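Worksheet: the structure to be examined is printed underneath.
Residue numbers (my numbering): 1173 to 1277.
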């Protein structure tokens, strides 16, 4: 299973109400996307989406600092990956603002 499949698996698990397994799938997807980039592979749109999905799940657990780190990187990926939709970019930006506010109290 590649990183895109793991991202999709996380979405399916989240929809089924198995949030801890979804988080694990998204963490694995992010790790694989990072490994791809270290080997010179251009980031895929799914790399930004996986970070967004994981950050959203972590925000539900009040893990705002981790979510901010993921979202900052998701924005960077979204700028260079071809095919990232404006909706995903907007969702990343909006969640980042929310999580930063929660971090700063």
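Note that beta-carbon positions come from the ideal geometry of N, C-alpha and C, so glycine has one too.
Keep in mind it's a predicted model, so treat the numbers as computed, not measured.
Item, Value
"So which of 1241, 1262 and 1230 has the shortest CA-CA distance to residue 1186?", "1230"
"Quick one: Cα of residue 1249 to Cα of residue 1226, how far?", "15 Å"
"Please state whether DSSP places residue 1245 in a helix, a strand or coil.", "helix"
"Could you tell me whether any Cβ in chain C is nearer than 7 Å to the Cβ of residue 1205?", "Going by chain labels, chain C is absent from the structure shown, which holds only one protein chain."
"Quick one: what's got a C-beta closer than 6 Å to residue 1261's C-beta in the same chain, skipping five residues either side?", "1250"
"Go ahead and label residue 1195 buried or exposed: buried means 16 or more other beta carbons lie within 10 angstroms of its beta carbon, across all protein chains shown.", "buried"
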